[in-house]
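Peer 1: Protein sequences, first through last, are from chains G and P.
Per my numbering, residue 5 is the first one in the first sequence, and the count goes up by one each step.
Per my numbering, residue 21 is the first one in the second sequence, and the count goes up by one each step.
Submitted below is the structure of interest, expressed as structure tokens.
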Amino acid sequence: MSAFHTEEMTLNMGPQHPSTHGVLRFVIKADGEVMREAIPDVGYLHRSIEKIAEKVGYHGFMPYTDRVDYVCAMFTNQGWAMACEKLANVTVPRRGEYCRVVAAEFNRLASHLLTVGLMGMDIGAMTPFLHALREREMINDLIEELCGARLTFNYMRIGGVAWDLPPGWREKALAYLDHLAPILDEFNSLFSYNKICIERLANVAPISAADAINYNLVGPNLRASGVNWDVRRDLPYSVYSELEFEVPLGAGEWGSQGDAMDRYMMRIREMVQSSRILRQALAQMPDGPVLGKVVRNFKPAAGECQVRVESARGDQGWYVVSDGTAFPQRVHVRTGSFAAMGMIQKLSRGLMIADLVVLIASLDVIAPEIDR
Amino acid sequence: MQLWLDSLIAHGVFGPHPSHEWVYTIAITIACALVLMLVALPFASIVTWVERRVWARIQSRIGPNRVGPNGFLQWLADGVKHVCKEDLIPSEADARLFKLAPYLVVLAFILPWAVMPFSSGLILADLNIGILYITAVPALTVVGILMGGWASNNKWSLIGGIRSAAQIISYEIPAGLSIFPIVLMTGTLSMQGIIRAQGWAPDRWFIFANPFCFVAAFIMFISSLAENNRTPFDLPEAESELVAGFATEYSSMRYLFFFMAEWGNMFIAAAIVVTLFLGGWQFPLLTRSAVVMNALQFVAFMVKCLFLVLVSMWVRGTLPRVRIDQMMSLCWKYFVPISFINLIGTAVWVAIFPDGNAIVRWGMLAFGVAIAVLFASRVITFTRRSGMELYLRPTI
């Protein structure tokens with residue numbers, strides 16, 4: 005074979021490429037269909053959100069947090085609100101906490117539906133994508149009734165949430181959960197357990213548990229590698245300690261542990277658990293106010309704090325430094341997609357170009373969350 | 021028409037002393053070519069509308085329903101839109117090859133219509149090597165696609181073109197090998213000859229003639245999906261990997277040509293399968309009138325072909341795309357050996373039962389019906405279980 009001369013080809017994938025989920029860019033060094041390496045290039049969606057926080061103040065920053073990760077904006081809302089509450093020692097009314105959990109878990113369902121649908125589209129099946137988006141639209145309708153927005157919610161406030169559940173909303177939400185359970189089964193039998201789907205996803209870019217920890221993977225990507233860690237259970241915040249749910253782990257039923265199929269199935273299983281959490285939260289929800297007393301001129305005492313929320317893309321850290329004025333001195337968000345992007349270069353070696361698309365989709369990388 | 025030509029000759033339109041036969045031959049050729057063009061091109065375009073509607077229902081959407089009744093004229097609107105768009109040729113592209121490529125692809129889709137056996141009388145040229153011709157000519161597509169991919173001077177296009185070459189050439193082999201069992205049984209390569217060797221009743225179709233033919237029919241259909249770059253083998257244009265594959269740099273009507281050829285080739289592939297395995301235009305002899313019989317045969321042929329076209333749309337709406345190595349291993353590790361077994365098996369079968377075996381034929385027919393019933397019951401069960409209401413009304 006040494007007489008067969010091959011040449012490395014440099015391919016530019018993105019930022020305008022249909023499967024880079026927004027604006028990601030990869031420089032691919034390929035030998036025919038097989039990649040030597042894919043080097044991620046981030047920064048195309050950088051909007052200086054962390055810097056903006058230093059200029060707009062604590063209350064005013066809430067709408068900006070929606071833009072940190074617009075696919076699951078409830079969690080960024082919640083992270084910011086929790087950080088501010090921790091700085092200023094604000095207690096949230098219990099109904100407010102439940103409203104937060106309900107909104108956030110519905111948002112997790114919506115985000116995971118988008119992820120599994122996009123996985124379908126990225127391996128060439130349009131139908132699962134549209135079926136998943138059809139279900140996501142219904143969640144968007146529910147959330148729209150809750151807070152008036154379908155994408156950038158701006159629902160939570162420091163000290164609680166902006167609005168209580170509208171009348172009749174609880175019944176609608178429960179009816180939707182009843183509707184979703186068989187749809188998920190149908191989705192699985194249509195797409196997840198499809199022979200071609202399993203062939204495409206199984207054994208693609210497996211991540212070992214040690215690698216997952218070393219590269220700072222979080223959330224479903226981490227659990228797919230078998231690391232049993234979920235912020236909701238292990239560092240309970242809000243009212244998650246009162247709710248019962250399982251943390252699914254990847255076991256490599258279809259290939260090796262931590263492969264793309266495991267990461268994909270993690271989303272499907274988390275949707276089932278989210279439905280379970282939602283049912284409990286909707287049932288246990290106490291009466292009372294949803295928003296605590298918070299001064300309009302919000303000036304937390306000087307200090308710093310770090311809070312963690314389990315967003316749809318995993319452990320999201322909010323680090324806020326206050327100097328006692330009405331504006332935070334420094335805000336930093338630690339997001340899962342950024343860490344996942346860091347791992348792509350290592351994982352891409354020896355994969356095929358078609359597998360890179362699967363890898364990006366299975367890591368659930370969302371462009372705004374990488375750059376902020 | 022003959023009278024009209026005679027009067028033209030008498031008036032000296034074709035010169036002072038033309039040979040009447042030459043004038044007739046050329047006139048008939050041109051007339052047939054025009055008829056085929058006028059049938060084939062709109063047919064391929066209308067299939068786009070059908071596909072979009074069918075696909076929309078699979079995906080619980082409505083699909084195009086604005087232009088004309090139920091959106092039927094959507095294909096015209098699309099055509100007009102594409103003609104009006106700017107015909108962009110990248111400055112770094114090889115302009116001549118870039119322009120030539122779509123024509124080759126369209127040519128590859130028009131030529132097979134010459135031997136398309138619509139009925140016992142409706143066939144332009146009943147070539148004695150018709151089935152070879154109809155499998156060989158569509159392979160021109162690969163030249164067009166490779167040329168377009170190369171001339172675009174874009175790496176994504178190039179990968180698409182190379183993938184297409186690898187894929188179409190590989191799948192020609194199982195497709196070709198699946199024809200030979202039928203040729204062994206009939207001893208002819210003529211499309212009409214193969215159809216005449218079958219009967220109108222399913223037990224006389226070659227798909228049920230013996231177990232080898234049954235397998236060969238499926239290999240033929242799947243290979244034809246791959247040859248036409250249809251899902252799950254749409255790797256050359258894989259929109260999520262290669263942007264649009266070989267068509268990335270194309271715009272305007274040239275882009276449309278590629279896709280018109282793809283949709284038209286669906287029909288040609290279906291026609292090959294119908295001719296070889298599903299009895300072609302065969303229809304029970306109901307009347308002595310040749311015109312009525314030909315019309316009935318035409319309808320029978322079209323119904324069978326459109327059914328297979330619908331199946332390939334259904335497949336497209338259901339399955340994800342395979343990876344290139346999986347596609348290649350499917351072809352070389354499974355289809356080619358199985359095709360050889362079919363060929364040898366049929367040869368042995370023909371030696372043992374020169375006139376076929378009625379028990380096996382009926383057994384295979386019962387097997388086929390059982391598979392169809394099982395499949396239908398599964399569809400019904402899953403539809404009920406999903407609890408979704410079906411939109412069966414076509415007029416939304």
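Even for Gly, the Cβ is constructed at its ideal location relative to N, Cα and C.
#1: Suppose contacts are defined by Cβ-Cβ distances below 9 Å. Is P/Trp246 in contact with P/Phe238 by that definition?
#2: Measure the beta-carbon distance from G/Leu286 to G/Ala179 and round it to whole angstroms, keeping in mind my assumption that it falls under 8 Å.
#3: Quick check on P/Gly83 - is its C-beta less than 9 Å from some C-beta in chain G?
#4: Excluding the 5 residues flanking P/Leu28 on each side, which residues of the same chain have their C-beta closer than 6 Å to its C-beta?
#5: I need the boundaries of the beta strand (DSSP E) containing G/Lys33, first residue and last residue.
#6: Below 8 Å on C-beta distance, what does G/Arg40 contact in chain P?
#7: Quick test of the definition: if touching needs 3 or more C-beta pairs under 8 Å, does the stretch 125–144 of chain P touch the stretch 264–271 of chain P?
#8: Buried or exposed, going by whether 16 or more other CB atoms sit within 10 Å of the CB of G/Glu314?
#9: Can you tell which of P/Val329, P/Ala315, P/Val399, P/Arg336 has its C-alpha closest to the C-alpha of P/Gly141?
#10: How many whole angstroms separate the CB atoms of P/Gly150 and P/Val135, which I take to be in contact at a CB cut-off of 8 Å?
#11: Please report the straight-line C-alpha distance between G/Ala129 and G/Leu137, rounded to a whole angstrom.
#12: Do you know offhand how far P/Pro222's Cα is from P/Gly196's?
#13: On the three-pair Cβ rule with 8 Å, is the stretch 179–188 of chain G touching the stretch 279–293 of chain G?
#14: Just how far apart, CA to CA, sit P/Ala64 and P/Val311?
#15: Give me the chain P residues within the contact set of G/Gly128, using Cβ-Cβ distance strictly less than 9 Å, ordered along the chain.
#16: For G/Arg51 and G/Ile374, what's the separation of their Cα atoms in angstroms?
#17: Hey, how far is the Cα of G/Arg227 from the Cα of G/Gln288?
#18: Going by alpha carbons, who is nearest to P/Phe387 out of P/Tyr354, P/Thr403, P/Tyr275, P/Ala229?
#19: Could you check how far apart the C-beta atoms of G/Arg317 and G/Ile370 are, in whole angstroms? I think they sit under 8 Å.
#20: Compute the distance between the beta-carbons of G/Ser366 and G/Met39, then report whether it is under 9 Å.
#21: Check each residue of the stretch 7–38 of chain G: if its Cβ is closer than 7 Å to any Cβ of chain P, include it; give the result in chain order.
#22: Could you give the distance in angstroms between the alpha-carbon of G/Glu203 and the alpha-carbon of P/Val335?
#23: If you follow the beta strand (DSSP E) that G/Thr14 is part of, which residue opens it and which one closes it?
#24: How do the stretch 96–104 of chain G and the stretch 288–308 of chain G stand: do at least 3 beta-carbon pairs fall below 8 Å, yes or no?
#25: Quick one: Cα of G/Trp167 to Cα of G/Pro67, how far?
#26: Using the Cα positions of G/Met356 and G/Asp266, report the straight-line distance between them to the nearest angstrom.
#27: Assess contact between the stretch 341–358 of chain G and the stretch 202–220 of chain G, defined as three or more Cβ pairs (one per stretch) separated by less than 8 Å. Is contact present?
#28: Is there a Cβ from chain G that is less than 9 Å from the Cβ of P/Gln187?
#29: Return the CA-CA distance between G/Gly61 and G/Arg376, expressed in angstroms with no decimal places.
#30: Quick one, are the C-beta atoms of P/Val294 and P/Phe321 less than 9 Å apart?
#31: Write down every uninterrupted run of the alpha helix (DSSP H) in the stretch 117–179 of chain G whose length is 4 residues or greater and which is fully enclosed by it, in chain order.
#32: Using a 10 Å radius around the Cβ and a threshold of 16 neighbouring Cβ atoms, would you call P/Glu71 buried or exposed?
#33: Should P/Ser80 be flagged as near chain G, meaning a C-beta pair shorter than 9 Å?
#34: The stretch 194–208 of chain G: which residues have C-beta closer than 8 Å to a C-beta of chain P, in chain order?
#35: Going by CA-CA distance only, name the one from G/Asp368, G/Val361, G/Pro372 that's closest to G/Ala42.
#36: Output needed for G/Met5: all residues of its chain with C-beta closer than 6 Å, excluding positions within five of it in sequence on either side, in chain order.
Peer 2: Inspection of the coordinates gives the following:
#1: Strictly speaking, residue 246 of chain P in this sequence is Ala, with Trp absent from that position. No.
#2: G/Leu286 to G/Ala179, Cβ: 11 Å. No contact.
#3: no
#4: none
#5: 29–35
#6: Correct list: empty, because the minimum Cβ distance to chain P is about 15 Å.
#7: no
#8: buried
#9: P/Ala315
#10: 4 Å
#11: 13 Å
#12: 24 Å
#13: yes
#14: 26 Å
#15: Thr251, Pro252, Asp254, Leu255, Ala258, Glu259, Ser260, Glu261, Leu339, Pro340, Arg341, Val342
#16: 11 Å
#17: 28 Å
#18: P/Ala229
#19: 7 Å
#20: no
#21: Met13, Leu15, His21, Pro22, Ser23, Glu37
#22: 17 Å
#23: 13–17
#24: yes
#25: 15 Å
#26: 19 Å
#27: yes
#28: no
#29: 18 Å
#30: yes
#31: 130–151
#32: buried
#33: yes
#34: Leu194, Phe195, Asn198, Ile200, Cys201, Glu203, Arg204
#35: G/Val361
#36: Here the model assigns G/Met5 a pLDDT of 49, short of 50, so the residue's position is not dependable, and the following value carries that caveat. None.
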